Structure formats: structure tokens, C-alpha cells
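Residue numbers (the working numbering), protein chains in the order written: chain A, -10 to 264; chain B, 85 to 445.
Even for Gly, the Cβ is constructed at its ideal location relative to N, Cα and C.
Note that the structure is predicted; figures quoted are calculated from it, not measured.
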Amino acid sequence: MMQRLRSAVPYVFLSVLTVPIVVGYIWLVISSVSMRTYGLTAEGLTLENWRFLLEPIRNRPSIWQVLLSTLAFAVPLALLDVTISSAAGYALSRLKFPGRRLFLSMTIILHAFPSATLLIAIFFVLRAVHLYDTIPGVVLVSLSLGLPLGIWLMKGFYDNVSWDVEMAALIDGCSRIRAWWSVILPIIRPGLGALLLFSFLNGWGAYIIPYTFLATASIQPISVYLQSLTGDYTFVNYGVVTAVGLFQLIPVVIFYLFTQKYLLNLYSGGMKGAS
Amino acid sequence: MDVHLENISKHFGKVKAVDDVSLEVKSGEFVALLGPSGCGKTTMLLMIAGIYKPTAGTIRFGERVVNDLLPKDRKIGMVFQSYALYPHMSVFENIVFPLRLQRIPQGEIKKRADKMAEMVQVQQLLDRRPGQLSGGQQQRVALARALVKEPNLLLLDEPLSNLDAKLRLAMRAEIKRLQKDLGITTIFVTHDQLEAMTMADRVALLQDGHLVAYRQPHELYDHPNSLFAAEFIGSPPMNFLNVRVQATAGGAALVGDGIDVPLDGEVAKKAAALGAGRQVIMGIRPEDVSVAEEGGDGRAEVYVVEPLGRDMLLDLRIQEAPVRVLAPPSFHAAIGSSISLVFDRTKIHLFDPESKEALLN
């Protein structure tokens, strides 16, 4: 009896913590299909809030344009992140070069760096290279801020691959690069996949960087579009806001549901749970 | 292809992992690099493979100096202690990987793969992944992969360490037979003296990065040139007793606490030549000591008796000094009882206590 009670304690604890979050999500869903809500009670069920799927909301680009902008931002970000991180991670894990120690410590320090403090400086830099208010510009900025973590994670994955396998590849006839491409990368494939997903999801929900450095509405991603709906000086239609919010949220939830196994790789730092 | 190591050293910072080692492996020979953990044997193997570059010295394959030659250009095959199979490839793909890298046509690849698979008996396993194989199976696949490109040199790093006792026995014979059939020059690393003795044509004994001895197994066993060699080779290990040389009417005797070993003939002359009163360490193997009825060279107290089936291993004490003796399986003695021992004069080894060198060879 005591055993049952004791094992129930973590569940009780976690339930208490998650209740506010769950309630929030419930309200989100309810609000997206109502005219008005009082607490969690809906008043006037309607699908009007979802009209933005068919026609653009006044003075704004269509949601599909926004979706395209978001993808144009998140996909290159993820691909570049994985490509650069996997190369840099390998170098840090396997190669001896001058400044390696320094590079390693910088990677950790930069990851912890508060990026918000750099916003003004980045603005001047972007303007100087004519990348302000462009998708490539924000991709570059987000990439730079996200690389320290990506490199650190990749290095961790490489560290878990035994030297033996690499030495075997070199003896079997591989050059260093061939060994990396044909033997080591396939071994850390789960890690690569996890970083790709992680980076993409970060890009999908990115707000501060796109908000600060994209001025043209037609290339702003969905988070900035959402903000523009709440920033109106007129009456805010929370029904529409929550509908758009759900629109942004649903792909993320679906992604997480199907790829949890891979993402856990990142959090646990190992290669477990993947084939 | 023969392999020459000339004054090879490898330093990692201040640590001298290998210190001025020279040895030569003849074509077709099966050589063991034997020594305790940390003696530099794996480092040497990796230098021969080209993974490490020697800090000093030259490595030659035949006439060619290979110090700067990349591993992939050395025409060698290597089996790692962990087997290092590629986990994301099937057994077949693992075996043919070296051939794919050489851009050998598909038909030839299939032929060689089948030949290899049959040689190491893994034909049934070609579609499996390494993770689905047992340790013994993985090792055989690793062997196939090493040999598929028909290398000039085969390197093995502790090939039997990860196998259970029974499999070890079987694989020992398999590997030795395979090497003889193929005639390929082979160098392997091990810390197990039994492995080295049973498989190798010659054994290179290493200690702290130095080459202590490089002889045939029976020479190392019968005539160890140092205390280290004497105590490392042979199981149960050699017994060591502190004695001093005494001049006697018959020639010489070795006298210690509770021991009096009179010598005659050649042995006595050699012992006498060492100088009367000199302190030496006497070495005698457990199988060269026998139990006597009376008299003998000394009395020992029985500490423990271990039946081995084929022999009886007696753990004895001559006063405080431990001595092990291999007796016939029918021997009985109670713990604490006292027995007489006789040492085989032809099998006595003497070592200098300071230099640890053999004195009678």
C-alpha cells in the first residue's frame, strides 16, 4: 500500500506543476473557436477566427506567405547549423590544432552569452553588409548565435564514437575525410537528425531576431506576424490571435510527438534509443 | 614481407611509451608483442600500422621506409581488441568495405567476400548487423575484413582477450592455423603469456617501453635472461628464493633460510665462479621441484593444497618464503604438515638481486 502511495508522489507533483500549462492550452483551443471567452467558458462558437486561412487579415500578407517566410528562415537555418556543427564538432573532437582548448571554452561561453545585449551591435553590422531586412541576414544571425550549442552537441556525439572504428577505417583504406563521411557520420546519424529537428524547431518559433531585423511584412515569419496581431492599437481579437497561435503550434506538437525519441538523444547527450 | 623496427621510440610529451626498440619480423613469421599493461606494446603496433608516427627511429617494410606512409597505403590488415566493426553496415558490407574503397568491380568483390566468409565460417551471417553477433562471430568477421584485401601484414591487438575461456582455446588454434595456411607475416599484441607462448614463433617481451627479450617461446621459458622474463613467463610462475653461494668440498652450494642446495659438476663450477658469499636469487619452476621422502634440500610447511585435476598445486612456505610446487594428482598432505623438497639441479636459475640479470646462461 505504502509502495503504491510512494510511487504516486512524482505523478501528483508533476500533475500539479503541469495543470496551469494544460489549462492554458485548453483555453487556447477554446478561444480559437469562440467569439469571446469568460475564463474557460466559450461564448459564441464560431469558425470566423480561422478565416485568415482563406483571406489575408487587413494590411497583412496572407498566412501562406508568412508560412513560406517561416520555412525560408527555419529550413536553411537548420541545414546550415547541422552542416557547420558536424564539421566543427569533428575537428574539436578528433583533431589536434593550435587554439583547440581556447575554441572549446569559447564554445561554452558563447552559448551562455545573452544575445539580447548584442542586438544593437548586430543591427549596425547587418546594415553595413546590406543584409538588414533580409532573410539571409536573420539566418546568419540566428545561425551564429545557435552554433555554439550545435558544435558542443556534435562534439559530444563524436566523443562517444570509439577511436577503434575510425582507426579501422583508416587502415581499411579511407582517407581522413572518407572515414568521416562513410563511417563516422552514419554512426552519429541519430545525433545529426536530432540537431536538425532541434534547430528547425528553434527557427520555427524564433521571435526576437526576426522581429528586430526584419522590417518588411512579406518576409516576416509567423511569430512576428502573430505579434503584429496583438500589437494593434485597436481592439485585439483574441479569438484570431489564438487561432493563429494554434496554427503555429500544431506542426510543432506533431513533430515532437513523432520525433521525441530522437530529440531525447540531445537531452541525454548519448546515442541511446535510436536504431 | 619482413618488418624492421630500428631504434623506434615514441614519446607522448614527457612519457616514453616506447624507448629505443629494435626488432625484425621475418616474412611469414608469427610474432607476439608480450608484456604487462602499459609496457608500450599497443603503441608499437599502432606505429607499425601507421596510426602513430615514431618520435625517433625507422620502420621498414622490406626495403622501404614507411615512417611517413599513411595507414591506407601500407597494405596491412588489423583486428582490434574491440573488433571495431562498422555498426551501420551488414556483415557482408563490413567485410567488403576495404574492397569498395579500392574500387574493385562488383563481381570480384562478391567472389572475395564469399571466399573470406567461408574461410572464417561466417557464411550464414552475411546479412546480419554486428550488433546481432556474438563476440566470437564478431571477431571472425573482423578477421575476414582484415584479410579480404590480401594484405602483406596482419596486425592483431589482444585478439583473444574478449572471448570466454573455451572460445579462446578454439580461436587460438584457428588463428594459428589460418596464419600458417596463408603464410602472412603477423604481429599480435597480448598481455597473456600463455597466448604468446602457444601461438607465436617468436615472442618479444616488453617492459616499460623497452625490449627485454626476443626469443622463441621455449627459449624464453627454459632460459629467461632476466628476473622479469622469468617471472612473467610460465604459469604457475617461477619460485624465487634468496640464497647465497657457499664454497664447499664438492664445488659449491646455495644456502638460504631453511635451504641447503649442494651443487656439483658444471653448475657448481659456474656458481663458484660467481664468488663465495655472494647473494643471489634462485629461481625454480613449480614443476622442477619434487617432494622427497626424507632429507632433500629443505623442509616446507604446507599452506594450501589446490587440486588441478591433472596436477596437485602445493602452496608451501619455506620458513616465511612462499614456494609453489606441482605434484602428481595423487599426492596428499595436510595443511600445516611439513614435507621435504628436492630441486632439479638442471633447472636452477640464478639472478643478480640488483641488476635482475640471469647469471648462469
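Give the straight-line distance between the Cα atoms of A101 of chain B and P210 of chain A, rounded to the nearest whole angstrom. The residue labelled residue 101 of chain B in the question sits at position 17 within the second sequence. The residue labelled residue 210 of chain A in the question sits at position 221 within the first sequence. Those two C-alpha atoms are separated by around 59 Å.
Counting only beta-carbon atoms, is M143 of chain A nearer than 8 Å to chain E? This model lacks chain E altogether, as its protein chains are A and B.
Expressed to the nearest angstrom, what Euclidean distance is found between the alpha-carbon atoms of S131 of chain A and F86 of chain A? On the first sequence, residue 131 of chain A is found 142 positions in, with the first residue counted as 1. On the first sequence, residue 86 of chain A is found 97 positions in, with the first residue counted as 1. Cα to Cα, S131 of chain A sits roughly 27 Å from F86 of chain A.
Kindly indicate if chain B contains any beta-carbon less than 8 Å away from that of D148 of chain A. The residue labelled residue 148 of chain A in the question sits at position 159 within the first sequence. False, the Cβ-Cβ gap to chain B never drops below 8 Å.
Find the residues of chain A that neighbour H275 of chain B, judging by a C-beta separation of less than 9 Å, and give them in chain order. The residue labelled residue 275 of chain B in the question sits at position 191 within the second sequence. Here the premise fails: no neighbours, minimum Cβ distance about 18 Å.
Could you pull out every residue in the same chain whose Cβ sits closer than 8 Å to the Cβ of V241 of chain A, ignoring the five residues on either side in sequence? Residue 241 of chain A sits at position 252 when you count from the first residue of the first sequence. L190, W193, G194.
Interface partners of H95 of chain B on chain A, CB under 8 Å: As a working mapping, residue 95 of chain B is identified with position 11 in the second sequence. By Cβ distance, chain A contributes nothing, its closest Cβ being about 15 Å from H95 of chain B, past 8 Å.
Give the interface partners of S166 of chain B over in chain A, defined as CB-CB distance under 8 Å, in chain order. If you number the second sequence from 1, residue 166 of chain B lands on position 82. Taking a Cβ-Cβ cut-off of 8 Å, the neighbours of S166 of chain B in chain A comprise S151, D153, given in sequence order.
In chain order, what are the residue ranges of uninterrupted alpha helix (DSSP H) at least 4 long that sit wholly in the stretch 159 to 203 of chain A? 165 to 168, 178 to 194, 197 to 202
Does the structure place the stretch 35 to 43 of chain A close enough to the stretch 93 to 108 of chain A that three or more beta carbon pairs sit under 8 Å? no
From A:F187, A:L253, A:A206, A:Y14, residue whose alpha carbon lies closest to that of P50 of chain A: Position 61 of the first sequence, counted from the start, is the residue given in the question as residue 50 of chain A. Of the listed residues, the one whose Cα sits closest to P50 of chain A is A:A206.
Helix, strand or coil for I179 of chain B per DSSP? Residue numbering aside, residue 179 of chain B sits at position 95 when the second sequence is read from its first letter. For I179 of chain B, the three-state secondary structure derived from DSSP is helix.
Could you tell me which chain B residues have their CB closer than 7 Å to the CB of P175 of chain A, listed as they occur along the chain? Along the first sequence, read from residue 1 onward, the residue named residue 175 of chain A stands at position 186. Neighbours of P175 of chain A on chain B, chain order: H172.
Taking only the alpha-carbon atoms, compute the straight-line gap between T72 of chain A and I177 of chain A and give it to the nearest angstrom. Translated into the one-based positions of the first sequence, residue 72 of chain A becomes position 83. Translated into the one-based positions of the first sequence, residue 177 of chain A becomes position 188. Distance between the alpha carbons of T72 of chain A and I177 of chain A: 13 Å.
Check the Cβ of L336 of chain A against every Cβ in chain B and list those closer than 9 Å, keeping chain order. Here chain A has residues from -10 to 264 only, and residue 336 of chain A is not among them.
In chain B, which residues lie with their C-beta within 7 Å of the C-beta of G162 of chain A? For this step, residue 162 of chain A is matched to residue 173 along the first sequence. By Cβ distance, chain B contributes K156, P182, L185, Q186.
I need the DSSP call for L434 of chain B, collapsed to helix, strand or coil. Here the question's residue 434 of chain B lines up with position 350 in the second sequence. Here L434 of chain B sits in strand by DSSP.
Using alpha carbons as the reference points, say which of B:V386, B:R261, B:D372, B:E90 lies closest to S421 of chain B. Taking the first residue of the second sequence as 1, we reach residue 421 of chain B at position 337. Looking at the Cα atoms, B:V386 is the closest of the given residues.
Does I179 of chain B come within less than 8 Å of chain A when only Cβ atoms are used? Counting from 1 along the second sequence, the entry for residue 179 of chain B is found at position 95. No, no contact with chain A.
Can V163 of chain B and A249 of chain B be called in contact, C-beta distance under 8 Å? Within the second sequence, numbered from 1, the residue matching residue 163 of chain B stands at position 79. Within the second sequence, numbered from 1, the residue matching residue 249 of chain B stands at position 165. Taking 8 Å as the Cβ cut-off, V163 of chain B and A249 of chain B do not qualify as a contacting pair.
List, in order along the chain, the chain B residues whose C-beta lies closer than 9 Å to that of M156 of chain A? Translated into the one-based positions of the first sequence, residue 156 of chain A becomes position 167. The contacting residues are L130, A133, I135, P155, M162, F164, A168.
According to DSSP, what are the bridge partners of L298 of chain B? Looking up residue 298 of chain B in the second sequence gives position 214. Note that residue 298 of chain B is Tyr in the sequence shown here, rather than Leu. Answer is B:A288, bridged to Y298 of chain B.
Chain B residues whose Cβ lies nearer than 7 Å to that of V172 of chain A: Against the first sequence, residue 172 of chain A aligns to sequence position 183. Those are Y170, listed as they occur along chain B.
What distance in whole Å lies between the Cβ atoms of V175 of chain B and L209 of chain B, which are believed to be in contact at a cut-off of 8 Å? Counting from 1 along the second sequence, the entry for residue 209 of chain B is found at position 125. Counting from 1 along the second sequence, the entry for residue 175 of chain B is found at position 91. Right, the Cβ-Cβ distance comes to about 5 Å (below 8 Å), so this counts as a contact.
R229 of chain B CB to nearest chain A CB: under 8 Å? For the purposes of this step, residue 229 of chain B is identified with residue 145 of the second sequence, where counting begins at 1. Yes, contact with chain A.
If we count the other Cβ atoms within 10 Å of its Cβ and call it buried at 16 or more, is A411 of chain B buried or exposed? In the second sequence, the residue the question calls residue 411 of chain B occupies position 327. With a 10 Å radius around the Cβ and a threshold of 16 neighbouring Cβ atoms, A411 of chain B comes out buried.
Would you mind working out which of B:R401, B:S414, B:G379, B:L443 sits nearest V426 of chain B, comparing C-alpha positions? Taking the first residue of the second sequence as position 1, residue 426 of chain B is located at position 342. That would be B:G379, whose Cα lies nearest to the Cα of V426 of chain B.
For N38 of chain A, which three-state DSSP category applies? Counting from 1 along the first sequence, the entry for residue 38 of chain A is found at position 49. Note: N38 of chain A maps to helix in three-state DSSP.
As assigned by DSSP and simplified to three states, the class of T96 of chain A: As a first step, residue 96 of chain A is located in the first sequence; it is residue number 107 there, counting from the start. In the structure shown, T96 of chain A sits in a helix (DSSP, three-state: H, G or I).
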